[in-house]
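Residue numbers (this note's numbering), protein chains in the order written: chain F, 40 to 106; chain D, 88 to 475. The beta carbon of each residue, even a glycine, is placed where N, CA and C say it ideally should be. What follows is a single structure, written as structure tokens, with notes after it.
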């Protein structure tokens with residue numbers, strides 16, 4: 040499952056890009072862009088889990104983006 | 088150029104009715120409010136949504152680091168820049184994640200119902216009876232201090248945010264008592280660690296060093312103050328809106344799904360924190376105006392949240408808005424750590440109120456506003472709640 044940001048929930052608070060700049064960067068309009076959708080190494084997967092946990096909007100998850 | 092009416096932003100009237108002043112001055116943003124002895128402009132106000140949003144997101148130019156905080160306490164996080172800010176935030180952020188807050192939710196619900204069970208029949212002063220005790224008891228629980236002392240905590244944090252020059256002696260005593268109390272609590276947790284935040288703070292290391300006594304105290308003060316002064320005012324503002332808008336009450340009654348949008352719109356239209364502070368680290372252009380390096384800047388959240396360029400009919404309360412960009416919790420790296428907790432406390436409160444009462448009306452005397460120029464909410468809010 041790829042790492043996904045749900046734009047309906049995302050508040051653009053910037054916590055993911057701040058705390059985990061190896062996985063997220065700030066894109067157009069302040070929306071987060073996922074740099075590594077399928078992190079394979081253990082440290083990056085742990086960072087992704089942390090980003091999911093830290094998001095104040097619960098907008099990050101492991102799931103297919105909804106069309 | 089200092090706008091003619093700029094002083095109005097800092098007048099006592101602005102504490103109770105800031106919005107007409109914002110509307111008048113917003114088109115002039117950004118503007119300075121003072122000129123120092125060397126002719127330099129200072130005290131810049133940001134009132135447009137674009138200006139505030141941009142400044143909050145650009146922490147490399149708009150620094151939060153400053154040495155003096157409220158009541159002489161230097162507060163961690165809100166007065167820190169990266170990389171230290173990031174390391175300190177990591178120490179406490181796990182206590183406030185949506186997952187942790189969801190685990191706390193049944194307990195918050197129980198606390199909320201206990202407070203509502205104790206409300207008097209007929210008229211209630213809802214601030215003293217509910218909006219003060221709920222958030223203070225919740226944050227006391229997270230810190231690992233007894234919630235029964237909540238009236239003392241409230242007195243301390245009131246002293247911290249108070250801007251009234253009278254009672255300075257009493258205020259100083261309150262702040263010293265607060266420092267002594269948290270010093271004792273930290274010492275106790277060093278001897279007998281628990282699963283609470285104070286235990287985590289006394290155990291934590293940042294850059295290989297333990298936090299100092301002053302830093303631990305700063306954290307306790309920050310969390311206690313941020314945990315109650317803000318949520319108390321969010322709840323008071325929400326209830327005041329509902330008491331005057333029976334149509335909104337009926338909408339929430341008919342569809343509980345509207346409670347979340349109601350809370351977000353309350354945050355936008357009556358932001359509990361009206362403004363905070365930054366310092367510029369370099370020259371920066373905002374809306375075509377250059378703010379010089381070393382300037383003191385005030386982003387006005389309350390003005391940004393009613394900017395007609397950001398929202399249609401910004402002074403209207405509406406449940407159908409896209410509120411992704413409201414700045415009631417700030418934005419960027421300092422985005423309110425406790426926002427999931429504040430939202431959960433507000434949602435639990437409104438869910439219980441709608442379930443238990445069929446009407447909410449203003450009491451026999453009007454509510455009184457806080458006199459703080461920064462915190463926007465009610466000191467007293469008499470309400471009549473009619474049980475189902």
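Only 411, 412, 416 from the region 390-416 of chain D bring a Cβ to less than 8 angstroms from some Cβ of chain F. Leaving aside the five residues that flank residue 374 of chain D on each side, the residues in its chain whose CB is nearer than 8 angstroms to its CB run, in chain order, 116, 117, 135, 137, 138.
The three-state secondary structure of residue 118 of chain D, taken from DSSP, is strand. Residue contact with chain D for residue 53 of chain F: present (Cβ-Cβ distance below 8 angstroms to some residue of chain D). Out of D/99, D/91, D/309, the CA that lies nearest to the CA of residue 121 of chain D is found in D/91. If you compare the alpha carbons of D/289, D/175, D/199 with that of residue 272 of chain D, the shortest gap goes to D/289. Residue contact with chain F for residue 418 of chain D: present (Cβ-Cβ distance below 8 angstroms to some residue of chain F). Put simply, the backbone Cα of residue 176 of chain D is about 11 angstroms away from that of residue 422 of chain D. Residue state for residue 49 of chain F is assigned as coil, using DSSP reduced to three classes. Within the region 131-145 of chain D, 144 place their CB atoms closer than 7 angstroms to a CB of chain F, listed in sequence order.
Proximity of residue 222 of chain D to chain F, defined by a Cβ-Cβ separation below 8 angstroms, is not satisfied. In this structure, the beta-carbon distance from residue 331 of chain D to residue 449 of chain D falls below 8 angstroms.
Selection D/208, D/245, D/151 evaluated against residue 465 of chain D yields D/245 as nearest (Cα-Cα). Look at residue 97 of chain F: its C-beta is under 8 angstroms from a C-beta on chain D. What residue 86 of chain F touches in chain D, judged by beta-carbon distance under 9 angstroms, is nothing: the nearest beta carbon there is about 12 angstroms away. Within 7 angstroms of the CB of residue 92 of chain F, the CB atoms of chain D belong to 184, 186, in sequence order along the chain. By the Cβ-count criterion, residue 344 of chain D is exposed, with fewer than 16 other Cβ atoms from all chains shown falling within 10 Å of its own Cβ. In the DSSP assignment, residue 58 of chain F falls outside any beta strand (DSSP E) and lies within the alpha helix (DSSP H) extending over 54-58. Per the DSSP secondary-structure output, residue 65 of chain F pairs in a beta bridge with F/71. Spanning the alpha carbons of residue 206 of chain D and residue 76 of chain F requires a straight line of approximately 51 angstroms. Counting only the Cα atoms, residue 217 of chain D lies some 23 angstroms from residue 338 of chain D. Selection D/233, D/383, D/258 evaluated against residue 242 of chain D yields D/258 as nearest (Cα-Cα). Close partners of residue 268 of chain D in chain F (Cβ separation under 7 angstroms) are lacking, with about 30 angstroms as the shortest Cβ gap. Listed along the chain, the chain F residues whose CB falls inside 8 angstroms of the CB of residue 151 of chain D amount to none; the nearest CB is some 13 angstroms away. Interface criterion not met: the Cβ of residue 116 of chain D is under 8 angstroms from no Cβ in chain F. Distance from the CA atom of residue 70 of chain F to the CA atom of residue 51 of chain F, rounded to whole angstroms, is 6 angstroms. For the region 41-52 of chain F, the set of residues with a beta-carbon nearer than 8 angstroms to any beta-carbon of chain D comprises 49, 50, 51, 52, in chain order. Secondary structure within the region 88-135 of chain D: the alpha helix (DSSP H) runs of 4 or more consecutive residues, fully enclosed, are 99-103, 106-112 (chain order).
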